[in-house]
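Colleague: Before I ask anything, let me first share the structure, which is written out below as structure tokens.
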Amino acid sequence: MSRTHKRTSQTGMGASLMKKHFGQHLLRNPLVVKSIVEKAKIKPTDIVLEIGPGTGNLTVKLLEKAKRVIAIEFDPRMVVELQKRMQGHQYAKKLEIIQGDAIKIDFPFFNVCVANLPYNISSPFVFKLLTHEPIFRHAVVMFQREFAMRLIARPENNLYCRLSVNTQLLSEVKHLLKVAKNNFKPPPKVDSSVVMIKPRNPRPEIQFTEWDGFIRLCFLRKNKTLGAIFKQKKVLLMLEENYKTYTALKNIRVPKNRKTMKEMVLDVLEKTKYMGKRARTLDIDDFLFLLKNFNEADIHFA
Ligand code: SAH
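With numbering that gives the first Met the number 0, the residue at position 20 of the sequence shown is 19, and numbering never jumps.
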């Protein structure tokens, strides 16, 4: 019933460090468990990937709905707990437990993902989900409230940031459920929220490192105008470096009297009328449009 990933075995770690490291806050309110499982809209034919099953509070309910559940759990002690709980269980055969770090190991094929994970790995976990292939139907994930709000934030909202833009480029995100901290044992410091992440299918045709490099710059100082950000010396130097690499790779002949990078960049911002705009007011179509114009001027961000 279980596979082991040797590299992630955690023997010999001090108890306090262990607790912190694994971020274990078990869901103790059955109503919240029920609600999460309902919102995951699992079909009898579905393979469900559960990350961080812990003692299996969600797992047993998922097993009632799904064809199969594959659970990835980091903590070997939790794996043992879960195995004990499943002994002689009517659905024991439907469960596969993989012991390992969900951030590091390759995910198996799945239709729906469900996770109540430690909050310190929220960012890499979301990124891993968003770039996972083949595209799955949706994920229902518990996050710290503020992190959840950043995922779903729209332009002009205080929490709108690079994470919001990247997430919404690759998926549709929706807030499902507020979960107060007293629903967990032990209770975390802050409240949580359950979020639905539905990957866009097909995925937008975009070179993600290029896009992310661009978005990172735009949000460098989210209250500054793009004009002010792109005029910075170190930004222009970086773009100039990228330009040299790009033209060399593509065998593009650079004329001797070419414009400076500053002129090239300002031309694009002026032409597109984004010079005085701020990242916090722009939506995904704005960013896509602006990036396209930069790229057409041979300006690249990765
Ligand atoms: N889903 C359970 C447990 C939540 S606590 C419930 O809701 O009751 C979070 C669980 O994630 C713990 O069991 C913890 O050991 C596990 N975990 C922490 N980091 C992990 C990682 N990187 N990969 C997989 N599981 C992890």
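Ideal placement from N, C-alpha and C gives every residue a C-beta, glycine not left out.
The structure displayed is predicted, hence computed values, not measured ones.
#1: Helix or strand or just coil, what does DSSP make of Glu-132?
#2: How many Å lie between Ile-298 and Val-140 at the Cα?
#3: Can you tell me whether Pro-254 is buried or exposed? The criterion is at least 16 other CB atoms within 10 Å of its CB, across all chains shown.
#4: If the criterion is Cβ atoms closer than 8 Å, does the pair Leu-175 and Val-194 meet it?
#5: With distance defined between alpha-carbon atoms, name the residue in Gly-87, His-131, Arg-84 and Lys-243 nearest to Asp-105.
#6: Does the distance between the C-beta of Asn-56 and the nearest non-hydrogen atom of the ligand SAH fall short of 7 Å?
#7: Count the other CB atoms, across all protein chains shown, that sit within 10 Å of the CB of Ile-151; report buried if there are 16 or more and exposed otherwise.
#8: Return the chain-ordered list of same chain residues with a C-beta closer than 6 Å to the C-beta of Cys-112, the five sequence neighbours on each side being excluded.
#9: Following the continuous alpha helix (DSSP H) through Cys-217, name the residue where it begins and the one where it ends.
#10: Taking the alpha helix (DSSP H) that Leu-306 falls in, what are its first and last residues?
#11: Around the C-beta of Ala-91, are 16 or more other C-beta atoms found within 10 angstroms, so that it is buried, or is it exposed?
#12: Straight-line CA distance for Gly-22 to Glu-72?
#13: How many angstroms separate the CA atom of Gly-53 from the CA atom of Phe-135?
#14: The alpha helix (DSSP H) spanning Lys-291 covers which residue range?
#15: How big is the Cα-Cα spacing for Asn-292 and Leu-94?
#16: Just mark Ser-170 as buried or exposed, buried being the case when its beta carbon has 16 or more other beta carbons within 10 Å.
#17: Comparing the CB of Glu-116 with every heavy atom of the ligand SAH, is any distance shorter than 7 Å?
#18: When you measure from the CB of Leu-26 to every non-hydrogen atom of the ligand ATP, does any distance come out below 7 Å?
#19: The ligand SAH heavy atoms versus the CB of Ala-101: any closer than 7 Å?
#20: Which residues mark the beginning and the end of the beta strand (DSSP E) in which Ala-138 is found?
#21: Can you list, in chain order, the residues of its chain with a C-beta nearer than 6 Å to that of Phe-300? Leave out the 5 residues immediately preceding and following it.
#22: Report the residue from Ala-278, Leu-168 and Pro-29 whose alpha carbon sits nearest the alpha carbon of Pro-203.
#23: Would you mind working out which of Asp-74, Arg-67 and Val-59 sits nearest Gln-86, comparing C-alpha positions?
#24: Within a Cβ cutoff of 7 Å, which residues of the same chain sit near Arg-215, ignoring the five residues on either side of it in sequence?
#25: Is Pro-187 close to the ligand SAH? I mean its beta-carbon at under 7 Å from any heavy atom of the ligand.
#26: Check each candidate in Glu-240, Val-178 and Lys-42 and name the one with the smallest Cα separation from Asn-115.
#27: Compute every distance between the C-beta of Pro-52 and the non-hydrogen atoms of the ligand SAH, then say whether any falls below 7 Å.
#28: Compute the distance between the beta-carbons of Asp-45 and Ala-65, then report whether it is under 8 Å.
#29: Are Phe-183 and Arg-27 close, meaning C-beta to C-beta below 8 Å?
#30: Quick one: is Ile-50 buried, meaning 16 or more other Cβ sit within 10 Å of its Cβ, or exposed?
#31: For Pro-198, which residues does DSSP report across the bridge?
Modeller: In this structure, then:
#1: coil
#2: 37 Å
#3: exposed
#4: yes
#5: His-131
#6: yes
#7: buried
#8: Leu-48 and Ala-138
#9: 207 to 217
#10: Residue 306 is absent from the model: the chain starts at 0 and stops at 301.
#11: exposed
#12: 12 Å
#13: 23 Å
#14: 283 to 295
#15: 50 Å
#16: buried
#17: Before going on, a small fix: residue 116 reads as Leu here, not Glu. Under cutoff, so the answer is yes.
#18: By its list of ligands, the structure shown excludes the ligand ATP, since it contains just the ligand SAH.
#19: yes
#20: 137 to 143
#21: Glu-209, Gly-212 and Phe-213
#22: Leu-168
#23: Val-59
#24: Arg-161
#25: no
#26: Val-178
#27: yes
#28: yes
#29: yes
#30: buried
#31: Ser-170
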